[in-house]
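The C-terminal position of the sequence shown is numbered 320 in the working numbering, with every residue numbered one higher than the one before it. Every residue, glycine too, gets a C-beta built ideally from N, C-alpha and C. Step one of this worksheet: look at the structure below.
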Amino acid sequence: MILDLNFEISEDLRLILNSIKELLDSKWSTKKLRAVIEGNNEHVEQIWKEIVKLDLLSYISNSSLRDAVIINELLGSKLLPGIVVSTIVASRGIKDKNTLNRIYAGEVKVAISDSNMVPAAGDADLILIGNKLIKREDCNITTFNSIDNSMRIGRVEYSKYDTINVNEAEMSLLFASQMVGSGEEVVNMSTKYSKERMAFGKPIGSYQAIKHRVVNDAIDVELTRSIVLEASEDIKYAWIAKDIANKKMPKVIMSGIQVHGGIGFTDDLDIHLHLRRVLTLSKIYNRRIDISEFLQPI
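Quick look at the structure:
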């Protein structure tokens, strides 16, 4: 995190975060994500088994919402495969015990959407649309090339489903937190590059145009994080947090591309992977916000 939140988190959560980071640093990389985009699902199964073994799904499901939000910010920065991302979020939002037990055991992966256009539907065993839980064998899926081809959009046609209890607000908040993680990672990349890239004998970060851009991006990440954390304490703010993440994080990442100059627009860097991910996540759970409940009479 750009700001050090260690003083605000419990020792248990700190240990969990360290364990997740060690796991992902050793077992996952954007190189593997690129292989997944090219169709190598072996990497998906490998990291999925490691996450199940860590018992992360059960922890996210049963921890405080605030802890789940902080964990998902770290996960967002690491760009896990799309179906793994959606299943992690589903483990928090689904309240059906039988389905949760299957998720905890690693038996099923879940794709999520609030419409029949579902990211990662083709990779899922179960598909959650609103509160409708659909088995893969009970639907037809038409898959399209998408912005983020690690979680290709699938059009799901179905007639048979189970109605289950879900919490869409909590899931939307975890998606928002993952978007913050991507935004922070790009700001860190921009900060590092602006210190190393030389122009006219000085680091480009010493020039005000770059310095102000990176600072503004960092502020946008921190402001978005603050409303996400606030919503984890008062869930009525979840839709506002998701709306702000939808608007702020793509801009932060586009700004990071510009900081990197010409190379920022190429496939050589990972920035475009973060842009593709946040644009995909921004399309899920976009509920209209009624601000009247936040207004107080004078």
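Looking at the secondary structure, which residues open and close the alpha helix (DSSP H) in which Val300 lies?
Its alpha helix (DSSP H) spans residues 293 to 303.
Consult DSSP for Asn94 and reduce its assignment to one of helix, strand or coil.
helix
Alpha-carbon spacing of Gly278 relative to Leu291, whole angstroms:
Distance between the alpha carbons of Gly278 and Leu291: 11 Å.
Give the C-beta separation of Val243 and Gly286 to the nearest angstrom, bearing in mind that I take them to be a contact with Cβ-Cβ under 8 Å.
With a Cβ gap of about 18 Å, Val243 and Gly286 do not count as contacting.
Based on the DSSP secondary-structure assignment, which residues constitute the bridge partners of Val130?
Its beta-bridge partners do not exist; DSSP assigns none.
Ordered along the chain, which non-local residues of its own chain (more than five positions away) have a Cβ less than 7 Å from that of Ser198?
The amino acid at residue 198 is misidentified as Ser; the sequence shows Ala. Around Ala198: Val250, Ala263, Lys264, Ala267.
Tyr180 - partner residues in DSSP beta bridges
Tyr180 is bridged by DSSP to Cys161.
Less than 8 Å between the beta carbons of Gly104 and Ser172, yes or no?
yes
Runs of alpha helix (DSSP H) lying entirely within the stretch 259 to 287, each at least 4 residues, in chain order
If we require 4 residues or more, the alpha helix (DSSP H) runs fully inside the stretch 259 to 287 come out as 260 to 281.
Just verifying my parser: in three-state terms, what is the DSSP assignment at Ser99?
helix
Per DSSP, Thr185 is paired with what?
DSSP, once it has assigned bridges, lists Lys154 as partnering Thr185.
Tell me the rounded alpha-carbon separation between Ile82 and Lys269.
26 Å
Tell me the rounded alpha-carbon separation between Gln230 and Val209.
16 Å
Should Leu245 go down as buried or exposed, given a rule of 16 or more other Cβ atoms within 10 Å for buried?
exposed
Proximity to Leu97 [Cα-Cα], best of Asp89, Val107, Arg88
Val107
Inter-residue spacing [alpha-carbon to alpha-carbon] between Ile186 and Ile116:
8 Å
Does the structure place the stretch 143 to 157 close enough to the stretch 37 to 44 that three or more beta carbon pairs sit under 8 Å?
no
In three-state terms, what does DSSP make of Met201?
helix
When you compare only the Cα positions, how much space is there between Asn84 and Lys119?
Roughly 12 Å separates the two Cα atoms.
For the candidate residues Arg88, Ala57, Glu72, whose alpha-carbon lies nearest to that of Leu35?
Arg88
For Met139, I'd like the list of residues in its chain whose CB is within less than 7 Å of its CB, leaving aside the five on either flank, ordered along the chain.
Ile175, Arg177
Would you report the Cα separation of Glu192 and Met201, rounded to the nearest angstrom?
14 Å
Counting C-beta neighbours from all protein chains within 10 Å, is the total for Ile320 16 or more, i.e. buried, or is it exposed?
exposed
Select from Lys305, Ser113, Asp289 the residue whose C-alpha is nearest the C-alpha of Thr52.
Asp289
Going by beta-carbon coordinates alone, are Ile31 and Lys49 separated by less than 8 Å?
no
For Ser148, which beta-bridge partners are listed by DSSP?
It is worth fixing the name first, because residue 148 is Leu in this sequence and not Ser. Per DSSP, Val132, Lys157.
I need the straight-line Cα distance from Leu25 to Lys182, nearest angstrom please.
Caution is warranted here: a pLDDT of 49 is assigned to Leu25, below 50, making its placement in the model unreliable, and the coordinate value is therefore given only provisionally. Each residue's Cα considered, the two are about 47 Å apart.
For Ser221, the three-state DSSP class (helix, strand or coil)
Contrary to the premise, residue 221 reads as Ala rather than Ser in this sequence. Of the three classes helix, strand and coil, the one that applies to Ala221 here is strand, per DSSP.
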